[in-house]
Ligand code: GUN
Ligand code: ZN
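Numbering (our numbering), first residue to last: 286 to 725.
Okay, here's the thing in structure tokens:
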């Protein structure tokens, strides 16, 4: 029998497990944080693709029940900086940023001139995100208009929250990867009209980084942002020391690398800058005043030997920080692996990253920084039902560790440090299962 759509049974699903999300920003170093909302052995209620509530009592028989007791249920992760075409160059040996771009990255990005490559790449990429527990992302496409289109189409088919845009790059790259100011502007405007604000999709003006855009192109990007303040902006800043020297040569009038973007009006509350390792106190003030956020990419920073991001300095300055994989500079789409790398980066600078600050930055914190806190990142009533179900432990080492973990932070930290995509049981987007492990 087909039930009419209005029947409660069609769309009411209840998921039992240990629910973990955040109600507020945890303080750095605080292990007993009031912002942590842990509801052991509870039910996550989902109706019509939205979170309807959470409760400890078993819901009545009008709910379709899914028993994952003994498992962890988290909001889907938000990866705020990742490159779709770079899955193919993940784990490429031996170079730092500028050589890595030329040797590995630009060749795979050039292949996206072919729309069928772009379409296949976009689908494979989004499915890979989902298979790692990431349900929303801010993504770099390539310079080709078709690559952004392919990502928007693939995300729309899956109902995912996705922010992307065509890369802007009019110099210092192979000719087949360069656009020009006029064509790039036309492409951006077309893409914005077609996709920005459609369902769960949003457009990000995406200059790759200062060295590959002329000043005229950066000015055009800034003008787009000023004309529509609902647009996002994404780029890279202060990642690598050779890169910084190059930017100083290319933009001799700028006070700093960041100042190149500030002068063109690219810093605003919807701007996400990846890395920000080599910033000074004045740069941090500029970021904080403009509401610009930083995406900390620890796996990439370690792999490319870029440097150690100073998270506490960003917090002290009042800058929002999220955590991102930056694949293919980063070596894993797994947010847990990136958070563990983040812990190690902070430890090298004498700081300790708690599981709370880390997981908050990958869920509610990232969502709020993107202005999407009412939609993703938590189990607040009315949010979209984007959530993932995880095993607490896979394999004998993690199982043994979990057995002796005493308080909550110890347990969740061990989970964060020892888990990865193998722990993922299922990913739900707007209440639909989009990934399920074979042995779930
Ligand atoms: N800076 C400019 N482009 C890139 C990129 O693709 N990856 C990283 N990590 N840094 C960049
Ligand atoms: Zn990047």
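All residues carry an ideal CB built from backbone N, CA and C; glycine is no exception.
Check: Inter-residue spacing [alpha-carbon to alpha-carbon] between residue 653 and residue 691; Outcome: 31 Å
Check: Alpha carbon of residue 493 to alpha carbon of residue 620, nearest angstrom; Outcome: 23 Å
Check: Residue 353 Cβ short of 7 Å to the ligand ZN heavy atom set; Outcome: no
Check: Exposed unless 16 or more other CB atoms sit within 10 angstroms - verdict on residue 623; Outcome: buried
Check: Beta-bridge partners of residue 450, as assigned by DSSP; Outcome: 425
Check: Close beta carbons around residue 349, own chain, < 8 Å, minus the five adjacent residues each side; Outcome: 294, 297, 298 and 299
Check: Residue 595: CB within 7 Å of a non-hydrogen atom of the ligand ZN; Outcome: no
Check: Residue 524 Cβ short of 7 Å to the ligand GUN heavy atom set; Outcome: yes
Check: Test item, CB below 5 Å from any non-hydrogen atom of the ligand ZN; Outcome: 559 and 611
Check: Heavy atom of the ligand GUN within 7 Å of residue 540 beta-carbon; Outcome: no
Check: Contact test: residue 462 Cβ vs the ligand GUN heavy atom, cutoff 7 Å; Outcome: no
Check: Contacts around residue 638, its chain only, beta-carbon distance under 6 Å, and the 5 residues preceding and following it disregarded; Outcome: 627, 628 and 631
Check: Cβ pair count under 8 Å reaching 3, the region 469 to 484 against the region 409 to 417; Outcome: no
Check: Short Cβ contact (8 Å threshold) for residue 607 with residue 651; Outcome: yes
Check: Residues bridged to residue 675 (per DSSP); Outcome: 357 and 709
Check: DSSP-derived helix/strand/coil call for residue 621; Outcome: helix
Check: Per-residue DSSP class, three states only, for residue 374; Outcome: helix
Check: Residues of its chain near residue 376, where Cβ-Cβ distance is below 6 Å and the 5 sequence neighbours each way are ignored; Outcome: 616
Check: beta-carbon residue 577 near the ligand GUN non-hydrogen atom, thresh 7 Å; Outcome: no
Check: Beta-carbon proximity of residue 661 to residue 668, cut-off 8 Å; Outcome: yes
Check: Assumed close pair residue 471, residue 463 - CB separation to whole angstroms, cut-off 8 Å; Outcome: Contact flag wrong, Cβ pair sits at about 15 Å.
Check: Nearest-angstrom Cα separation, counted from residue 417 out to residue 290; Outcome: Any answer about residue 290 is weak, because its pLDDT of 42 lies below 50 and its placement is not dependable; what the coordinates show is given next. Distance between the alpha carbons of residue 290 and residue 417 is about 32 Å.
Check: One or two residues paired with residue 419 in a DSSP bridge; Outcome: 362
Check: Local Cβ density within 10 Å of residue 663, reported as buried at 16 or more and exposed below that; Outcome: buried
Check: Range of the contiguous alpha helix (DSSP H) that encloses residue 585; Outcome: 583 to 588
Check: C-beta atoms of residue 671 and residue 715 nearer than 8 Å; Outcome: yes
Check: Residue environment, residue 354, which counts as buried when at least 16 other CB atoms sit within 10 Å; Outcome: exposed
Check: Coil, strand or helix - residue 578 by DSSP; Outcome: strand
Check: Residue 390 beta carbon near the ligand GUN (any heavy atom closer than 7 Å); Outcome: yes
Check: Contact between the region 357 to 375 and the region 681 to 691 (3+ Cβ pairs under 8 Å); Outcome: no
Check: Residue closest to residue 643, alpha-carbon to alpha-carbon, out of 315, 335, 302 and 301; Outcome: 315
Check: Helix, strand or coil at residue 722 according to DSSP, with G and I counted as helix; Outcome: coil
Check: Where residue 387 sits in the DSSP three-state scheme; Outcome: helix
Check: Residue 493 CB to nearest heavy atom of the ligand GUN below 7 Å; Outcome: yes
Check: Collapsed DSSP secondary structure at residue 508 in the structure displayed; Outcome: helix
Check: Sheet register partners of residue 336 (DSSP bridge); Outcome: 331
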